[in-house]
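Heads up: the structure comes next, in structure tokens.
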Amino acid sequence: MVAEISKGLEDVFIKTTTLTNIDGIKGILRYRGYDINDLVEHGTYEEVIYLMIYGSLPTKEQLNTLKEKMKKHYNISSDLLNILAKLPKNADAIGMLEVAFSVLASGEVDYKWKPDADKEKAIELIAKSLSIVANIYRIKEGLPVKNAVIKESYAETFLNVCFDKPVPKEFVNVMDKALILYADHEVPASTTAALVVSSTLTDMASSIVAGLAALKGPLHGGAAEAAFKQFIDIGNVNNVDSWFNKHVLENKERLMGFGHRVYKTTDPRSKIFKRFSETFSKYNKEVDRYYQIASKLENLATNEFSHKGIFANTDFYSGIVYYGLGFAPYMPTPLFALSRVTGWLAHVMEYVEEQERIIRPRAIYVGIDRRDYVPIDKR
Ligand SMILES: CC(C)(COP(=O)(O)OP(=O)(O)OC[C@H]1O[C@@H](n2cnc3c(N)ncnc32)[C@H](O)[C@@H]1OP(=O)(O)O)[C@@H](O)C(=O)NCCC(=O)NCCS
962 MVAEISKGLE DVFIKTTTLT NIDGIKGILR YRGYDINDLV EHGTYEEVIY
1012 LMIYGSLPTK EQLNTLKEKM KKHYNISSDL LNILAKLPKN ADAIGMLEVA
1062 FSVLASGEVD YKWKPDADKE KAIELIAKSL SIVANIYRIK EGLPVKNAVI
1112 KESYAETFLN VCFDKPVPKE FVNVMDKALI LYADHEVPAS TTAALVVSST
1162 LTDMASSIVA GLAALKGPLH GGAAEAAFKQ FIDIGNVNNV DSWFNKHVLE
1212 NKERLMGFGH RVYKTTDPRS KIFKRFSETF SKYNKEVDRY YQIASKLENL
1262 ATNEFSHKGI FANTDFYSGI VYYGLGFAPY MPTPLFALSR VTGWLAHVME
1312 YVEEQERIIR PRAIYVGIDR RDYVPIDKR
């Protein structure tokens, strides 16, 4: 056998899936056959959760049952809240999320694989993510931890725990759409990490810890925060040209929120986030400043890189949208994680329940063949 390495596992297929289909050439993204644009236009995050976990869009009755089920699990135990509250205010938000899910994995609730109970457990974990992320935001903002006051939707309840003031309906709507946009994306590094971990039949909460650990890197979900921080660094639309020349063209730094392993055209999610940023920019001067910077930077970078198939990805504009909703610049990646929990769990369930085999690749040994052991005083 001639062993070959695919760097970065490019074009290596790890599983079959009925969850998410990406056409990277045409720029199409579908969840279980439904186009992302249609889901964002007509659907809600709860419908998408149902779609991903149970396989089809819910009837009204199924949706109500799901919502009632989730409402029972929006809150986390006071023990977990207290552990999170002890973490320093300036701790990394994704690191704090890893702590939270590690606590769940440590046995507070039993998340071990159990045929027939997995979907229920997944719904429970998706629901709990709401209080976990919202309270991490509160802790970092110096606010006391608090329980969720249950509102009509996941998005409304979430924003309500985060902010101590009423949230306009349009904001709830945009939050709901953002949750849909980040819910799944086939098998990027974080989902692959979750799959590797779940293939050992470890518990579901540990798979989320693995997903989070991979997500926070700047080449993956960390890019959402890094992209927004670029706009802060640029500061003003008049500085875009000089910033781009110095950082990207001269220093060869990677433009965050640009490029993708699968898309060789604009990521369809990026177009939707761009639209939301533009809408926010009409009402909020700060958002408008960031929107002007981002769209000029997108034009420059597209002119420079499109011949290499490098275009804006989902993380380019999402930070502006989250900022428009009132979140601090460190929040884009935790907000990405908030809804990606759904995709991670849907994929690990699909793998463990249907295709389970431990993921155990090989490495090609290229070191010295054989050496005699030399005692330490003779080396
Ligand atoms: C997403 C990403 C990691 C994909 O990586 P990949 O498929 O392994 O692609 P590579 O790193 O091999 O890049 C291929 C080429 O494009 C260039 N490139 C890729 N993304 C780039 C970017 N954002 N800015 C500048 N150049 C980029 C690389 O320098 C490389 O050029 P070369 O062939 O001249 O050496 C990469 O595009 C990236 O680092 N993007 C920025 C981070 C980001 O936005 N991540 C979120 C992804 S959703």
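Residues in the sequence shown are numbered from 962 upward in steps of one, following my numbering.
Ideal placement from N, C-alpha and C gives every residue a C-beta, glycine not left out.
On the CB-based measure, 16 or more other CB atoms within 10 Å of its CB, does LYS1138 come out buried or exposed? One-based indexing of the sequence shown puts residue 1138 at position 177. Buried is the call here.
Can you tell me where the alpha helix (DSSP H) holding ASP984 begins and where it ends? To locate residue 984, count along the sequence shown from 1; it is residue 23. First-last for ASP984: 981-984, but that is the beta strand (DSSP E), not the alpha helix (DSSP H).
Checking the sheet assignment: what are the DSSP bridge partners for ALA1273? Taking the first residue of the sequence shown as 1, we reach residue 1273 at position 312. ALA1273 pairs with PHE1219.
One question on the structure: do PHE1219 and LEU1261 come within less than 8 Å of each other, judged by their Cβ atoms? The sequence position of residue 1219 within the sequence shown is 258, counting from 1. The sequence position of residue 1261 within the sequence shown is 300, counting from 1. Going by C-beta atoms, PHE1219 is not nearer than 8 Å to LEU1261.
In this structure, how does DSSP classify ASP996 when only helix, strand and coil are distinguished? Within the sequence shown, numbered from 1, the residue matching residue 996 stands at position 35. In this structure, DSSP gives ASP996 an extended state, which the three-state scheme calls strand.
Please determine, among GLU971, SER1203, ILE989 and LEU1058, the residue with the shortest C-alpha to C-alpha distance to MET1292. Reading the sequence shown from its first residue, position 331 is the one you call residue 1292. Looking at the Cα atoms, LEU1058 is the closest of the given residues.
Which of the three DSSP states, helix, strand or coil, is assigned to ASP1141? On the sequence shown, position 180 is the one that residue 1141 refers to. In the sequence as presented, Asp is not what sits at residue 1141; that position holds Ile. Here ILE1141 sits in helix by DSSP.
Based on DSSP bridge pairs, tell me the residues matched to ARG991. As a first step, residue 991 is located in the sequence shown; it is residue number 30 there, counting from the start. Its beta-bridge partners are ASN982 and ASP996.
Any heavy atom of ligand 1 closer than 7 Å to the beta-carbon of ALA1174? For the purposes of this step, residue 1174 is taken as the residue at position 213 of the sequence shown. ALA1174 has its CB no nearer than 7 Å to any heavy atom of ligand 1.
Rounded to a whole number of angstroms, what is the C-alpha to C-alpha distance between GLY1103 and ASP1077? Stepping through the sequence shown from its first residue, residue 1103 is reached at position 142. Stepping through the sequence shown from its first residue, residue 1077 is reached at position 116. About 41 Å.
CB of TYR1006 within 8 Å of CB of ALA1116, strictly: Position 45 of the sequence shown holds residue 1006. Position 155 of the sequence shown holds residue 1116. In this structure, ALA1116 lies closer than 8 Å to TYR1006 by Cβ.
Can the beta-carbon of PHE1277 be found closer than 8 Å to that of GLU1259? Against the sequence shown, residue 1277 aligns to sequence position 316. Against the sequence shown, residue 1259 aligns to sequence position 298. Contact flag set, yes.
LYS1050 versus GLY1328, PRO1105, LEU1162 and LYS1232, residue with shortest Cα-Cα distance: As a first step, residue 1050 must be located in the sequence shown, where it is residue number 89. Considering only alpha carbons, the answer is PRO1105.
Beta-carbon gap between ALA1109 and TYR1035 smaller than 8 Å: Looking up residue 1109 in the sequence shown gives position 148. Looking up residue 1035 in the sequence shown gives position 74. Yes.
Under 8 Å between C-beta atoms of VAL1158 and SER1151: Residue mapping note: residue 1158 aligns to position 197 of the sequence shown, counting from 1. Residue mapping note: residue 1151 aligns to position 190 of the sequence shown, counting from 1. Judged by beta-carbon spacing, SER1151 lies beyond the 8 Å limit of VAL1158, meaning their Cβ atoms are not closer than that value.
Going by C-alpha distance, which of LEU1142, LYS1101 and HIS1146 is nearest PHE1124? By one-based count along the sequence shown, residue 1124 stands at place 163. Answer by Cα proximity: LYS1101.
N-terminal and C-terminal residue of the alpha helix (DSSP H) that ARG1301 is part of: To locate residue 1301, count along the sequence shown from 1; it is residue 340. According to the DSSP assignment, ARG1301 belongs to the alpha helix (DSSP H) that extends over 1293-1315.
Which value, in whole angstroms, describes the spacing of the CA atoms of LYS1082 and GLU1214? The residue you call residue 1082 lines up with position 121 of the sequence shown. The residue you call residue 1214 lines up with position 253 of the sequence shown. In this structure, the straight-line span from the alpha carbon of LYS1082 to that of GLU1214 is close to 42 Å.
Which complete alpha helix (DSSP H) runs does the region 988-1073 hold, if anything under 4 residues is left out? Segments of the alpha helix (DSSP H) lying fully in the region 988-1073: 997-1003, 1006-1015, 1021-1032, 1039-1046 and 1054-1064.
Would you call the region 1307-1315 in contact with the region 969-985, where contact means no fewer than 3 C-beta pairs closer than 8 Å? Because the criterion of three Cβ pairs below 8 Å is met, the region 1307-1315 and the region 969-985 touch.
State buried or exposed for GLU1318, treating a residue as buried only when at least 16 other CB atoms are found within 10 Å of its CB. Counting from 1 along the sequence shown, the entry for residue 1318 is found at position 357. Here residue 1318 turns out to be Arg, not Glu, going by the sequence shown. Burial call: exposed.
Taking only heavy atoms of ligand 1 into account, decide whether any of them is closer than 7 Å to the Cβ of ARG1222. Counted from its first residue, the sequence shown places residue 1222 at position 261. Result yes, Cβ under 7 Å from ligand 1.
DSSP three-state label for ARG1340, please. The residue you call residue 1340 lines up with position 379 of the sequence shown. If DSSP states are grouped into helix, strand and coil, ARG1340 belongs with coil.
With a threshold of 6 Å on Cβ separation, who are the neighbours of GLY985 within its own chain once the five nearest residues in sequence on each side are excluded? Your numbering for residue 985 matches position 24 in the sequence shown. Contacts found: VAL1223, TYR1224 and LYS1225.
Compute the minimum distance between the beta carbon of LEU1216 and the heavy atoms of ligand 1, and state whether it is under 7 Å. Here residue 1216 refers to the residue found at position 255 of the sequence shown. Within the cutoff, so yes.
Alpha carbon of LEU990 to alpha carbon of ALA1154, nearest angstrom: Along the sequence shown, one-based indexing puts residue 990 at 29. Along the sequence shown, one-based indexing puts residue 1154 at 193. Going by the C-alpha atoms only, they are around 22 Å apart.
For TYR1098, report the span of its alpha helix (DSSP H) as first-last. As a first step, residue 1098 must be located in the sequence shown, where it is residue number 137. Secondary structure note for TYR1098: its alpha helix (DSSP H) is the uninterrupted segment 1079-1101.
Proximity below 8 Å, CB of THR1263 to CB of GLY988: Numbered from its first residue, the sequence shown carries residue 1263 at position 302. Numbered from its first residue, the sequence shown carries residue 988 at position 27. Going by C-beta atoms, THR1263 is not nearer than 8 Å to GLY988.
Considering only their Cβ atoms, is the gap separating VAL1209 from LYS1257 smaller than 8 Å? Taking the sequence shown and counting its residues from 1, one reaches residue 1257 at position 296. Taking the sequence shown and counting its residues from 1, one reaches residue 1209 at position 248. Contact annotation: LYS1257 and VAL1209 have beta-carbon atoms that are not nearer than 8 Å.
Host alpha helix (DSSP H) of SER1242 (start-end): What you label residue 1242 is simply residue 281 of the sequence shown in a count that begins at 1. Bounds of the alpha helix (DSSP H) holding SER1242 are 1229-1242.
At a cut of 8 Å, does the region 1035-1049 reach the region 1061-1075 through at least three beta carbon pairs? The region 1035-1049, when compared against the region 1061-1075, does touch it at the 8 Å Cβ threshold.
Between ALA1185 and SER1300, which are expected to be in contact by the criterion C-beta below 8 Å, what is the C-beta distance as a whole number of angstroms? On the sequence shown, residue 1185 is found 224 positions in, with the first residue counted as 1. On the sequence shown, residue 1300 is found 339 positions in, with the first residue counted as 1. Between the beta-carbon of ALA1185 and that of SER1300 there is about 12 Å, and that puts the pair past the 8 Å contact cut.
Using the rule of at least 16 other Cβ atoms within 10 Å of the residue's Cβ for burial, across every protein chain shown, is GLU1315 buried or exposed? On the sequence shown, position 354 is the one that residue 1315 refers to. Around the C-beta of GLU1315, fewer than 16 other C-beta atoms lie within 10 Å, and the residue is accordingly described as exposed.
Comparing the CB of VAL1148 with every heavy atom of ligand 1, is any distance shorter than 7 Å? For the purposes of this step, residue 1148 is taken as residue 187 along the sequence shown, with counting starting at 1. Not one heavy atom of ligand 1 is found less than 7 Å from the C-beta of VAL1148.
For ILE997, which residues from the same chain have a beta carbon less than 6 Å from its beta carbon, with the 5 sequence-adjacent residues on both sides left out? Along the sequence shown, one-based indexing puts residue 997 at 36. Counting only Cβ-Cβ distances below 6 Å, and skipping sequence neighbours, we find LEU990 and PRO1229.
May I ask you to check if the CB of LEU1180 is nearer than 7 Å to at least one heavy atom of ligand 1? Walking along the sequence shown from the start, residue 1180 turns up at place 219. Yes, the beta carbon of LEU1180 sits closer than 7 Å to at least one heavy atom of ligand 1.
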